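Trainee: Protein chains in written order, with our numbering: chain A, 11 to 266; chain B, 11 to 266; chain C, 11 to 266; chain D, 11 to 266.
There are 4 protein chains.
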Amino acid sequence: MTHVAVLGAAGRMGQAVCHAVETASDLTLASRLDAGDDAATVAASGAQVAVDFTVPSATEANVHALIDAGVHAVVGTTGWDEDSLGRVRDHLQAANAGRAGAADPQLGVLIAPNFALSAVLAMRFAAQAAQYFESAEVIELHHPGKVDAPSGTAVHTAQGMAAARREAGLAPMPDATETALEGARGADVDGIPVHSVRLRGLVAHEEILLGNPGEQLSIRTDSFDRSSFMPGVLLGIRQIGTRPGLTVGLEHLLDL
Amino acid sequence: MTHVAVLGAAGRMGQAVCHAVETASDLTLASRLDAGDDAATVAASGAQVAVDFTVPSATEANVHALIDAGVHAVVGTTGWDEDSLGRVRDHLQAANAGRAGAADPQLGVLIAPNFALSAVLAMRFAAQAAQYFESAEVIELHHPGKVDAPSGTAVHTAQGMAAARREAGLAPMPDATETALEGARGADVDGIPVHSVRLRGLVAHEEILLGNPGEQLSIRTDSFDRSSFMPGVLLGIRQIGTRPGLTVGLEHLLDL
Amino acid sequence: MTHVAVLGAAGRMGQAVCHAVETASDLTLASRLDAGDDAATVAASGAQVAVDFTVPSATEANVHALIDAGVHAVVGTTGWDEDSLGRVRDHLQAANAGRAGAADPQLGVLIAPNFALSAVLAMRFAAQAAQYFESAEVIELHHPGKVDAPSGTAVHTAQGMAAARREAGLAPMPDATETALEGARGADVDGIPVHSVRLRGLVAHEEILLGNPGEQLSIRTDSFDRSSFMPGVLLGIRQIGTRPGLTVGLEHLLDL
Amino acid sequence: MTHVAVLGAAGRMGQAVCHAVETASDLTLASRLDAGDDAATVAASGAQVAVDFTVPSATEANVHALIDAGVHAVVGTTGWDEDSLGRVRDHLQAANAGRAGAADPQLGVLIAPNFALSAVLAMRFAAQAAQYFESAEVIELHHPGKVDAPSGTAVHTAQGMAAARREAGLAPMPDATETALEGARGADVDGIPVHSVRLRGLVAHEEILLGNPGEQLSIRTDSFDRSSFMPGVLLGIRQIGTRPGLTVGLEHLLDL
Chain A
11 MTHVAVLGAA GRMGQAVCHA VETASDLTLA SRLDAGDDAA TVAASGAQVA
61 VDFTVPSATE ANVHALIDAG VHAVVGTTGW DEDSLGRVRD HLQAANAGRA
111 GAADPQLGVL IAPNFALSAV LAMRFAAQAA QYFESAEVIE LHHPGKVDAP
161 SGTAVHTAQG MAAARREAGL APMPDATETA LEGARGADVD GIPVHSVRLR
211 GLVAHEEILL GNPGEQLSIR TDSFDRSSFM PGVLLGIRQI GTRPGLTVGL
261 EHLLDL
Chain B
11 MTHVAVLGAA GRMGQAVCHA VETASDLTLA SRLDAGDDAA TVAASGAQVA
61 VDFTVPSATE ANVHALIDAG VHAVVGTTGW DEDSLGRVRD HLQAANAGRA
111 GAADPQLGVL IAPNFALSAV LAMRFAAQAA QYFESAEVIE LHHPGKVDAP
161 SGTAVHTAQG MAAARREAGL APMPDATETA LEGARGADVD GIPVHSVRLR
211 GLVAHEEILL GNPGEQLSIR TDSFDRSSFM PGVLLGIRQI GTRPGLTVGL
261 EHLLDL
Chain C
11 MTHVAVLGAA GRMGQAVCHA VETASDLTLA SRLDAGDDAA TVAASGAQVA
61 VDFTVPSATE ANVHALIDAG VHAVVGTTGW DEDSLGRVRD HLQAANAGRA
111 GAADPQLGVL IAPNFALSAV LAMRFAAQAA QYFESAEVIE LHHPGKVDAP
161 SGTAVHTAQG MAAARREAGL APMPDATETA LEGARGADVD GIPVHSVRLR
211 GLVAHEEILL GNPGEQLSIR TDSFDRSSFM PGVLLGIRQI GTRPGLTVGL
261 EHLLDL
Chain D
11 MTHVAVLGAA GRMGQAVCHA VETASDLTLA SRLDAGDDAA TVAASGAQVA
61 VDFTVPSATE ANVHALIDAG VHAVVGTTGW DEDSLGRVRD HLQAANAGRA
111 GAADPQLGVL IAPNFALSAV LAMRFAAQAA QYFESAEVIE LHHPGKVDAP
161 SGTAVHTAQG MAAARREAGL APMPDATETA LEGARGADVD GIPVHSVRLR
211 GLVAHEEILL GNPGEQLSIR TDSFDRSSFM PGVLLGIRQI GTRPGLTVGL
261 EHLLDL
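1. Please name the residue, chosen from A:P115, A:H82, A:E70, A:Q116, that lies closest to A:G96 on a Cα-to-Cα basis.
2. Under 7 angstroms between beta-carbons, which chain C residues line up against A:G211? List them in chain order, please.
3. Could you say which of C:L102, C:W90, C:G86, C:E92 lies nearest to C:L76 if we only look at CA atoms?
4. Counting along the chain, where does the alpha helix (DSSP H) carrying D:Q138 start and finish?
5. To the nearest angstrom, how far is the alpha carbon of D:D44 from that of C:G179?
6. What distance in whole Å lies between the Cβ atoms of C:V59 and C:T12, which are believed to be in contact at a cut-off of 8 angstroms?
7. Beta carbon of C:D1, beta carbon of B:E225: below 9 angstroms?
8. In whole angstroms, what is the alpha-carbon distance linking B:A30 and D:G242?
9. Any chance you could list the alpha helix (DSSP H) runs of at least 4 consecutive residues sitting entirely within the region 44-106 of chain C, in chain order?
10. Could you give the DSSP three-state label for B:P223: helix, strand or coil?
11. Does the beta carbon of C:A221 sit closer than 9 angstroms to a beta carbon anywhere in chain D?
12. Identify the continuous alpha helix (DSSP H) that holds A:L209 and give its terminal residues.
13. Starting from B:V119, follow the beta strand (DSSP E) in both directions and report where the run begins and ends.
14. For B:D47 and D:A168, what's the separation of their Cα atoms in angstroms?
15. Under a three-way DSSP split, which group does A:S233 fall into?
16. For B:H135, which residues in chain C fall below 7 angstroms Cβ to Cβ?
17. Any beta carbon from chain B within less than 9 angstroms of A:M11's own beta carbon?
18. Looking at chain D, which residues of the region 28-52 of chain A have a Cβ within less than 7 angstroms of any of its Cβ atoms?
19. Looking only at C-alpha atoms, which of A:S145, A:I149, A:S35 sits nearest to B:A154?
20. Closest to A:A197 by C-alpha separation, out of A:C28, A:V98, A:E147, A:S237, would be which residue?
21. When you check each C-beta in the region 181-202 of chain B against every C-beta of chain A, which residues fall closer than 8 angstroms?
22. Please determine, among A:V52, A:A174, A:G162, A:N106, the residue with the shortest C-alpha to C-alpha distance to A:R134.
23. What's the C-alpha gap between C:L37 and D:Q138?
24. For D:Q226, go through chain C and note every residue whose CB falls closer than 8 angstroms to its CB, in chain order.
25. Going straight from the alpha carbon of D:T87 to that of D:D62, what length do you get?
26. Assuming D:E150 and D:A164 make a contact with CB atoms under 8 angstroms, what is their CB distance in whole Å?
27. Excluding five sequence neighbours on each side, which residues of the same chain lie with their C-beta closer than 7 angstroms to the C-beta of C:Q249?
28. Using a Cβ cut-off of 9 angstroms (strictly closer), state whether A:L151 contacts chain B.
29. Looking only at its chain, what residues have a beta carbon closer than 8 angstroms to the beta carbon of B:P184, apart from the 5 residues adjacent to it on each side?
30. When the Cα of D:V81 is compared with those of D:Q25, D:S161, D:G56, which residue comes out closest?
31. Do B:A79 and B:A49 have their C-beta atoms within less than 9 angstroms of each other?
32. Using only the alpha-carbon positions, how far apart do B:V258 and B:A122 sit?
33. Output the distance between the C-alpha atoms of D:P160 and A:A15, rounded to the nearest integer angstrom.
34. In whole angstroms, give me the CA-to-CA distance for C:G89 and C:N124.
35. Who pairs with A:G255 in a beta bridge, going by DSSP?
36. Can you have a look at B:V207 and say buried or exposed, based on whether 16 or more other CB atoms are within 10 angstroms of its CB?
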């Protein structure tokens with residue numbers, strides 16, 4: 011039985027995580043923390059793993075406090091950059107050096123921008139497949155309240171495919187377009203066209219299209235609500251204890 | 011048994027039409043004409059209906075010769091405009107006035123830019139449905155050898171939906187986009203975003219997306235090869251004898 | 011401004027209707043009724059139209075009381091059969107005869123099994139298109155908690171397509187299957203194969219596939235939550251005042 | 011420049027392979043063989059790799075003759091079983107032992123039931139993803155001339171997903187179905203429902219659906235014509251020289 015603390019427990023994601031932990035037979039919810047609560051008290055509750063869905067301004071301090079308290083962390087809060095990730099990496103290295111040989115486990119921290127398994131798998135599969143196809147495009151479809159286009163996930167997906175194509179030395183994609191209405195061929199993300207649809211009723215969807223002579227491979231993810239993040243969060247909670255150091259991205263915990 | 015002549019019989023579409031006519035149990039192929047042959051000879055072959063898949067520079071003269079010869083025409087050749095359509099309309103009116111009361115049937119001419127039933131139906135359904143949905147977008151997908159974007163069919167589809175929305179007095183579509191990569195939100199066709207995908211292996215495909223709170227309606231057509239035009243051509247051949255005057259667009263022959 | 015009463019206002023659908031009426035600028039919520047309340051009191055609240063999302067055991071009595079009270083009715087409750095529909099039809103005829111020539115409007119009742127516009131439109135389009143295609147199949151996809159397969163909507167869709175094929179005198183669909191695992195080719199609904207998918211995460215979805223040589227037409231509806239019924243309910247409220255007598259099915263109020 | 015022989019060069023697949031080899035800048039077509047030609051003569055033509063798209067009754071003898079002739083083989087002919095594969099494996103082992111240390115390269119044979127990259131990748135991705143989802147189903151769609159249902163590819167896909175689910179110790183899929191029309195829930199392949207659609211106009215298509223709370227992952231392949239096999243065949247030709255011994259299945263040559 012793994013004991014779990016939830017930071018940001020009153021938020022929408024935090025509530026969903028608490029519920030998911032409580033209904034998992036191999037997990038126990040040890041404590042709920044909210045704004046103002048001290049992350050250092052987590053250990054006292056018996057928690058071995060803490061989940062952080064707080065806010066960008068609080069998450070880095072939380073993670074350092076959890077490392078000091080000897081608690082593994084699974085982090086879904088956004089706002090991390092290379093510098094702040096580097097500080098966590100260094101802190102973990104120092105902390106784990108001090109714990110070497112001791113009965114205490116080596117500490118691990120997972121920071122992931124996306125816990126939806128379908129999205130993480132789709133990105134991975136898209137990058138793997140991209141080297142084998144002449145053409146590749148991405149269509150992302152979201153609710154009309156979204157303020158940016160394309161979605162971060164679509165940009166990330168296209169970048170991964172573009173990198174795979176470069177590495178495999180693929181020629182530029184075939185495209186005989188001579189006359190086009192402005193915008194028809196989508197946004198250019200590292201040479202991959204990305205199209206953004208905004209439609210009342212949708213939530214978050216992505217379609218990756220790969221084409222060769224006579225064949226097409228399509229990979230599509232549909233995320234209908236935030237419950238889609240829970241299987242990924244639970245996977246992180248169950249595995250982070252065996253992944254010392256910093257892991258960035260859920261894909262590294264998948265058996266692919 | 012209806013007797014059919016094919017003009018442009020040696021072309022790719024013409025060959026396909028000849029084959030389709032020959033294999034239809036209620037039709038007989040009466041004559042094949044090619045460049046240089048005189049359309050006026052069609053009647054002598056016993057043809058009641060002539061199909062024209064020739065070239066823009068020849069089709070108008072062919073149609074007038076067929077009217078003079080007392081033969082119905084089904085035309086798939088492109089290049090028609092309001093002026094040339096008007097001349098056919100006038101010629102038919104004069105010819106049919108002269109045939110009134112006679113044993114000879116009233117003549118009909120069908121000129122259609124698209125004989126693919128799925129595309130014609132999709133356009134019609136899209137226009138009918140558009141008045142009932144807050145959001146509407148079009149994605150068209152073609153082989154990468156296509157020189158224009160969006161496709162003519164997609165533009166036509168979007169225009170039909172936009173007209174239906176205007177007539178129903180719909181508010182502009184919801185779209186909170188504040189920051190976007192150039193092209194991400196597609197081309198604007200009368201207020202309807204249209205996205206063009208070009209992918210090796212594809213032929214001609216169109217997807218119409220309509221969204222309301224909690225629901226989505228999608229209509230998709232896939233055209234894999236030119237055999238997709240034959241059911242529409244045969245429908246035209248079978249019905250034009252009962253449609254005196256000029257008919258523009260296959261949709262008017264459909265029972266919807 | 012149309013004044014609206016909601017019967018079954020405490021139920022999940024009833025609550026959603028109340029909310030939709032309150033947020034529509036041309037409608038006013040006049041009264042909410044629940045189990046035990048007398049439908050005859052609706053008129054006193056000033057309501058011109060009443061919406062009934064109650065239970066099968068109560069809905070018929072409600073509708074007759076509303077007719078007696080001179081209030082139009084929009085009914086989404088299930089459980090109606092030919093007999094109970096006939097009694098409403100007769101009651102309306104008698105009531106409207108008594109109101110003829112009076113200042114009071116002729117009364118209308120709409121009873122609809124499905125208020126999702128996308129589903130109603132898809133069924134209508136499927137039936138219209140079916141006569142033009144050699145092949146037709148239906149795939150319906152639902153959450154795994156659904157107890158029956160196929161869904162009622164899919165059965166209804168297939169029946170509509172089968173009737174259109176019969177009327178058009180179409181030959182049986184081509185199918186060379188000689189050896190098949192049991193169930194592979196789906197359920198047979200009037201000659202149309204229907205396939206039922208049950209998948210965690212889905213809500214209610216239907217895909218209609220139509221095939222001809224070289225082309226495919228697909229119509230898909232996705233219903234994500236019960237908010238998808240509200241545009242159809244509001245359409246019924248706005249139009250029932252101009253539709254005297256009994257109307258069964260939302261499709262009759264659509265301008266198709 | 012790799013020199014390539016094609017066995018079964020007059021067949022439809024053989025012709026397509028010859029054309030693909032001739033148009034690839036790094037390959038040369040060294041010889042074409044047909045029924046009656048002796049596979050042992052391939053080496054004399056300078057071929058380093060031979061492609062076999064012949065018939066089940068000839069392919070095994072061809073492969074053994076090619077091994078004796080010191081030529082790598084890429085085989086797309088069907089009809090192989092464990093026994094015949096074992097004989098090739100043994101022959102290769104003996105032949106390569108005799109070539110050890112010599113200037114001659116170690117011989118490789120690739121036997122693959124499916125050279126369509128999109129289908130091979132989809133099967134692989136489906137098996138990898140299956141362990142992370144509660145629900146999984148397969149829909150395969152083919153032209154109506156197909157005599158068996160489900161397709162071999164769909165059965166293979168379902169078996170791969172079922173094996174991955176077993177290995178991960180997943181619970182049975184959720185399915186509350188109590189009453190169903192016969193066939194509605196598809197064929198049962200190792201616990202995975204598989205649905206077969208037969209539609210005029212289609213060629214060969216497969217859709218893999220995976221569901222979790224709030225999310226869906228779909229993988230779809232469309233094979234429009236036999237040109238879809240060529241990228242896989244060329245990949246086999248280019249790589250088999252570095253894969254000594256017997257390789258069964260194109261997936262082992264992919265960099266995944």
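Here a beta-carbon is modelled for each residue, glycine too, at the ideal position from N, C-alpha and C.
Just so it is clear, the structure is predicted and the values come from calculations on it, not from any experiment.
Mentor: Let me lay it out:
1. To locate residue 96 of chain A, count along the first sequence from 1; it is residue 86. Closest by alpha carbon: A:E70.
2. Mapped onto the first sequence, residue 211 of chain A falls at position 201. Correct list: F234.
3. Locating residue 76 of chain C in the third sequence gives position 66, counting from the first residue. Measuring from the Cα of C:L76, the nearest candidate turns out to be C:L102.
4. Numbered from its first residue, the fourth sequence carries residue 138 of chain D at position 128. It spans 127-140 - the alpha helix (DSSP H) in which D:Q138 sits, taken as one unbroken run.
5. The sequence position of residue 44 of chain D within the fourth sequence is 34, counting from 1. The sequence position of residue 179 of chain C within the third sequence is 169, counting from 1. Cα-Cα distance, rounded: 48 angstroms.
6. Sequence index remark: in the third sequence, residue 12 of chain C carries index 2 (1-based). Sequence index remark: in the third sequence, residue 59 of chain C carries index 49 (1-based). That belief holds up - the Cβ atoms of C:T12 and C:V59 are roughly 6 angstroms apart, short of 8 angstroms.
7. Since the displayed chain C opens at 11 and closes at 266, residue 1 of chain C lies outside it and no answer follows.
8. As a first step, residue 30 of chain B must be located in the second sequence, where it is residue number 20. As a first step, residue 242 of chain D must be located in the fourth sequence, where it is residue number 232. Approximately 35 angstroms between the Cα atoms of the pair.
9. 66-79
10. For this step, residue 223 of chain B is matched to residue 213 along the second sequence. Of the three classes helix, strand and coil, the one that applies to B:P223 here is coil, per DSSP.
11. Position 211 of the third sequence, counted from the start, is the residue given in the question as residue 221 of chain C. For clarity, residue 221 of chain C is Gly in the given sequence; the question names Ala instead. So, interface residue.
12. Stepping through the first sequence from its first residue, residue 209 of chain A is reached at position 199. Here A:L209 belongs to no alpha helix (DSSP H), and DSSP marks it neither H nor E.
13. On the second sequence, position 109 is the one that residue 119 of chain B refers to. Start and end: 118-121.
14. Working through the second sequence from its first residue, we reach residue 47 of chain B at position 37. Working through the fourth sequence from its first residue, we reach residue 168 of chain D at position 158. Their Cα atoms are separated by approximately 59 angstroms.
15. The residue labelled residue 233 of chain A in the question sits at position 223 within the first sequence. In this structure, A:S233 counts as strand in the three-state DSSP scheme.
16. Translated into the one-based positions of the second sequence, residue 135 of chain B becomes position 125. The question names His, but residue 135 of chain B in the sequence shown is Phe. Near B:F135 (Cβ distances below 7 angstroms), the residues of chain C are F135.
17. Numbered from 1 along the first sequence, position 1 holds the residue referred to as residue 11 of chain A. No, because no Cβ of chain B sits closer than 9 angstroms to the Cβ of A:M11.
18. none
19. On the second sequence, residue 154 of chain B is found 144 positions in, with the first residue counted as 1. First, the residue type needs correcting, since residue 154 of chain B is Pro and not Ala in the sequence shown. Considering only alpha carbons, the answer is A:S145.
20. The count along the first sequence starts at 1 and reaches residue 197 of chain A at position 187. It is A:E147.
21. M183, P184, D185, A186, T187, E188, T189, A190, L191, E192, G193, A194, R195, G196, A197, D198, V199
22. For this step, residue 134 of chain A is matched to residue 124 along the first sequence. Checked all of A:V52, A:A174, A:G162, A:N106; the closest Cα to A:R134 is A:A174.
23. Here residue 37 of chain C corresponds to residue number 27 of the third sequence, with the count starting at 1. Here residue 138 of chain D corresponds to residue number 128 of the fourth sequence, with the count starting at 1. Computed Cα separation, rounded: 53 angstroms.
24. As a first step, residue 226 of chain D is located in the fourth sequence; it is residue number 216 there, counting from the start. Near D:Q226 (Cβ distances below 8 angstroms), the residues of chain C are L209, G211, L212.
25. Taking the fourth sequence and counting its residues from 1, one reaches residue 87 of chain D at position 77. Taking the fourth sequence and counting its residues from 1, one reaches residue 62 of chain D at position 52. Their Cα atoms are separated by approximately 7 angstroms.
26. Within the fourth sequence, the letter at position 140 stands for residue 150 of chain D. Within the fourth sequence, the letter at position 154 stands for residue 164 of chain D. Indeed they touch by this definition, with Cβ atoms about 4 angstroms apart.
27. Here residue 249 of chain C refers to the residue found at position 239 when the third sequence is read from its first residue. So the list reads L263, once near-sequence residues are dropped.
28. Here residue 151 of chain A refers to the residue found at position 141 when the first sequence is read from its first residue. True, the Cβ-Cβ gap to chain B drops below 9 angstroms.
29. Position 174 of the second sequence, counted from the start, is the residue given in the question as residue 184 of chain B. If we look at B:P184 and ignore the five residues flanking it on each side, its Cβ neighbours are E144, S145.
30. Within the fourth sequence, the letter at position 71 stands for residue 81 of chain D. For the residues D:Q25, D:S161, D:G56, the minimum Cα distance to D:V81 belongs to D:G56.
31. Residue mapping note: residue 79 of chain B aligns to position 69 of the second sequence, counting from 1. Residue mapping note: residue 49 of chain B aligns to position 39 of the second sequence, counting from 1. Contact flag set, yes.
32. The residue given as residue 258 of chain B occupies position 248 in the second sequence. The residue given as residue 122 of chain B occupies position 112 in the second sequence. Cα to Cα, B:V258 sits roughly 6 angstroms from B:A122.
33. Stepping through the fourth sequence from its first residue, residue 160 of chain D is reached at position 150. Stepping through the first sequence from its first residue, residue 15 of chain A is reached at position 5. Between D:P160 and A:A15, the C-alpha separation is close to 48 angstroms.
34. Here residue 89 of chain C refers to the residue found at position 79 when the third sequence is read from its first residue. Here residue 124 of chain C refers to the residue found at position 114 when the third sequence is read from its first residue. The straight-line gap from Cα to Cα measures roughly 13 angstroms.
35. For this step, residue 255 of chain A is matched to residue 245 along the first sequence. Its beta-bridge partners are A:G118.
36. In the second sequence, the residue the question calls residue 207 of chain B occupies position 197. So B:V207 ends up on the buried side.
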